Structure formats: C-alpha cells, structure tokens
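*Asks:* Starting off with a structure, shown below.
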Amino acid sequence: MKVAIAQLTSTMDKAENLQKAVTYIAKAKASGADFVILPEMYLAPATPKTGVTPAQVAEPLDGPFVTGLAQAARDHGVYVVCGMYEKIDHDPNRAYNTTVFLNRSGELIHTYRKTHLYDAFSFVESEAIAAGDNPYQVVETEFGKIGLMVCYEVRFPEIARQFALQGADILFVPAGWVAGAMKEDHWETLVRARAIENTMFVCAADQVGNIFAGRSLIVDPMGVVLASAGEEETLIVAELDLDRIQRVRSKLPSVANRRAEFYIN
Numbered sequence: 057m058k059v060a061i062a063q064l065t066s067t068m069d070k071a072e073n074l075q076k077a078v079t080y081i082a083k084a085k086a087s088g089a090d091f092v093i094l095p096e097m098y099l100a101p102a103t104p105k106t107g108v109t110p111a112q113v114a115e116p117l118d119g120p121f122v123t124g125l126a127q128a129a130r131d132h133g134v135y136v137v138c139g140m141y142e143k144i145d146h147d148p149n150r151a152y153n154t155t156v157f158l159n160r161s162g163e164l165i166h167t168y169r170k171t172h173l174y175d176a177f178s179f180v181e182s183e184a185i186a187a188g189d190n191p192y193q194v195v196e197t198e199f200g201k202i203g204l205m206v207c208y209e210v211r212f213p214e215i216a217r218q219f220a221l222q223g224a225d226i227l228f229v230p231a232g233w234v235a236g237a238m239k240e241d242h243w244e245t246l247v248r249a250r251a252i253e254n255t256m257f258v259c260a261a262d263q264v265g266n267i268f269a270g271r272s273l274i275v276d277p278m279g280v281v282l283a284s285a286g287e288e289e290t291l292i293v294a295e296l297d298l299d300r301i302q303r304v305r306s307k308l309p310s311v312a313n314r315r316a317e318f319y320i321n
C-alpha cells in the first residue's frame, strides 16, 4: 500500500483550503496512493494569533468541508484523513478538534475527537476546544488495522499502545505541531519512538507555515524514516510493506513480551 501526506498551509479561507486539499488528493492519486493524510485542524487555523475562534469556523460533519473531501475521495478512489473543527450545537463557544476518516467511496467510516488537548508551552487549547470522550478504536481496512491520534497525543505513549494491543498495523497522526525551541526535535523523536515501541508504521502529517513546524514523516516499525518533509508545502509518498511488520515483530516482540500483570490499571 502507498500512503501520501499532504503537508499544507491552511488559511482562514475554508473554500480555498478545501480546493487545495482536492488538488493534493488528485496529486496523491496520480502517485499511486491508497491513503491521503492531511493535517490537524486543516479546515482553518483558528489560533489566538488569528483573532478567530474554532467555534466561529467550525462545521458539522455533513457540512461543505467534509462533503467536499468526500467527493474528492470518491472521485479518486482513495481513503482521505483530515483534521477539522466540528460544530457543537450545545456549546456555541467551543468546537471539537475532529479528524474524519473517509473511505474510497467517500463514506465517513470513522471520526475521532481529540481527547488530550494541548494545554502546554503557554498554549491552552481547552479554552476553545471541548475534549472528546470517544474510545481509541482501530479502523478496519482491506490493508490492515489503523489507529488514529492527533498531534499533542503523540506525547502519550499509552494511547499508541492501546492501538498496538488491538492489533493495529499503522498509526495515522494528523498534527498542527507548533514550531519552537526543541519542538521539532521532540516531534521526530516522539513519532519514531511510537513506531519503535509498538513495532508499527507511523504516518505523521503536520501543518506548515503560520505557527507550524512542518517536518511531516513516515516511519517504519523499526524506526526507519521512509519519507520526510521540510518547511514548505509538499506531498510525500511512501510504500508500506505490511509484511515488514511481522518480520520486525518476529525479532523484536516487545508488544508480545509485555507482562500486563505488572501494570497499574
């Protein structure tokens, strides 16, 4: 299977962002990709610097943004994963930080509302975002089982481990990783660590430009970086040899060797 990451800069013009996403989905298809991953909150970068709140740009899951992505997934016959702000009817001042997972037919097969919010490095995401309470659940595809976590959550190894214990083969991580001192180093180190400790592929798609670092990457189960991006908009593509997972696990059975009786629930 081939995975493409569209490392993009989003603007406050949601229609422009959608059109760019559609363009990159077409490019990914032309490269032979089966999956296209776009960054976290790609709908619009409603951060404190913009003066616009997530609630002001948020859309329902059947709104124009997801509908447009679904049409692109259907037109090109690819899976599409993308981050957005989801409208909350009962909480007009906040939104969910939601990732949508669309199949080749454009059907919305999974949504994940970010559960661990970025209240760190002087940023308080929880002021404008409501935390999700959805379970960590793998998505079954013809290529294997896929786990989904978002940005800051890569700092919580127990989330990725829950997916590993469900038999996940691949972890998708849409992100809006903010640039800063040591941040880019943390990003690559943590993404590679989640791959190594769980012996799974990790595909991490970051926003770039504005306040974001870029540096998207695709890592194999032994921690080898298969593809990576710099500080510009780009499309990176890697072929994932799913047999590699079992080859790595046969010589590094760290998940199988885990002794659950010694862990505190």
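Residues 57 to 321 in the working numbering are what the sequence shown spells out, letter by letter.
For each residue, glycine too, the CB sits at the ideal point set by N, CA and C.
Since the structure is predicted, the reported quantities are computational estimates derived from the model, not experimental observations.
For the structure I just gave you, are there three or more beta carbon pairs, one from the segment 271 to 281 and one from the segment 249 to 263, closer than 8 Å?
*Replies:* Yes: at least three Cβ pairs fall under 8 Å.
*Asks:* Under DSSP, the beta strand (DSSP E) around Pro230 begins and ends at which residues?
*Replies:* Looking at the DSSP string, the run of the beta strand (DSSP E) that includes Pro230 is Ile226 to Ala231.
*Asks:* So is Ser132 buried or exposed if we call it buried at 16+ other beta carbons inside 10 Å?
*Replies:* The question names Ser, but residue 132 in the sequence shown is His. So His132 ends up on the buried side.
*Asks:* Enumerate in chain order the residues of its own chain whose CB-to-CB distance from Lys85 is below 6 Å, with the five nearest sequence positions on each side excluded.
*Replies:* The residues are His132 and Val134.
*Asks:* Span of the alpha helix (DSSP H) holding Thr109?
*Replies:* That residue, Thr109, is in no alpha helix (DSSP H); it is neither H nor E in DSSP.
*Asks:* Within the continuous beta strand (DSSP E) that includes Ile165, where are the two ends?
*Replies:* From DSSP, the beta strand (DSSP E) with Ile165 extends over Leu164 to Arg169.
*Asks:* Does DSSP put Asp22 in a helix, in a strand, or in coil?
*Replies:* A query on residue 22 cannot be resolved here, the shown segment of the chain reaching from 57 to 321 and no further.
*Asks:* Whole angstroms are fine: how far does the CA of Arg303 sit from the CA of Val156?
*Replies:* Near 31 Å, if we compare the C-alpha coordinates of Arg303 and Val156.
*Asks:* Using DSSP with H/G/I as helix, E/B as strand and the rest coil, what is Asn149?
*Replies:* Coil at Asn149, not helix or strand.
*Asks:* Taking all protein chains shown into account, decide if Tyr322 is buried (16 or more other Cβ within 10 angstroms of its Cβ) or exposed.
*Replies:* Residue 322 is absent from the structure shown; the chain starts at 57 and stops at 321.
*Asks:* Which of the three DSSP states, helix, strand or coil, is assigned to Gly124?
*Replies:* Looking at Gly124 - three-state DSSP - the assignment turns out to be helix.
*Asks:* Entirely within the segment 214 to 276 and at least 3 residues each: give me those beta strand (DSSP E) ranges in chain order.
*Replies:* Correct list: 226 to 231, 257 to 262 and 273 to 275.
*Asks:* Could you tell me if Gly107 is buried or exposed, where buried requires 16 or more neighbouring beta carbons within 10 angstroms of its beta carbon?
*Replies:* Burial call: exposed.
*Asks:* First and last residue of the alpha helix (DSSP H) that includes Ala184?
*Replies:* Here Ala184 belongs to no alpha helix (DSSP H), and DSSP marks it neither H nor E.
*Asks:* In whole angstroms, what is the alpha-carbon distance linking Arg169 and Thr154?
*Replies:* Roughly 4 Å separates the two Cα atoms.
*Asks:* Would you report the Cα separation of Ser161 and Arg130, rounded to the nearest angstrom?
*Replies:* Whole-angstrom Cα-Cα distance: 5 Å.
*Asks:* Who are the near neighbours of Glu181 in its chain, counting only those whose CB is closer than 7 Å to its CB and skipping five residues on each side?
*Replies:* Hits under 7 Å: Leu173, Tyr174 and Asp175.
*Asks:* Should Ile165 go down as buried or exposed, given a rule of 16 or more other Cβ atoms within 10 Å for buried?
*Replies:* So Ile165 ends up on the exposed side.
*Asks:* What's the gap between the Cα of Ala216 and the Cα of Asp145?
*Replies:* Each residue's Cα considered, the two are about 30 Å apart.
*Asks:* Less than 7 Å between the beta carbons of Leu227 and Ala60, yes or no?
*Replies:* Cβ distance not < 7 Å, so Leu227 and Ala60 don't count as in contact.
*Asks:* Determine the closest residue to Lys201 out of Ala187, Gln218 and Ile185, with distance taken between C-alpha atoms.
*Replies:* Comparing Cα-Cα distances from Lys201 to each of Ala187, Gln218 and Ile185, the minimum goes to Gln218.
*Asks:* Alpha carbon to alpha carbon, how far is Phe121 from Met97?
*Replies:* Looking at the two C-alpha atoms, the distance is approximately 12 Å.
*Asks:* Classify Ile320 as helix, strand or coil using the three-state DSSP reduction.
*Replies:* In the structure shown, Ile320 sits in coil (DSSP, three-state: anything other than H, G, I, E or B).
*Asks:* Taking the alpha helix (DSSP H) that Leu74 belongs to, which residues open and close that run?
*Replies:* Note, Leu74: alpha helix (DSSP H), Lys70 to Ala86.
*Asks:* Chain B beta carbons: is any one of them nearer than 7 Å to that of Phe212?
*Replies:* Considering every chain present, this structure includes no chain B. It has just one protein chain.
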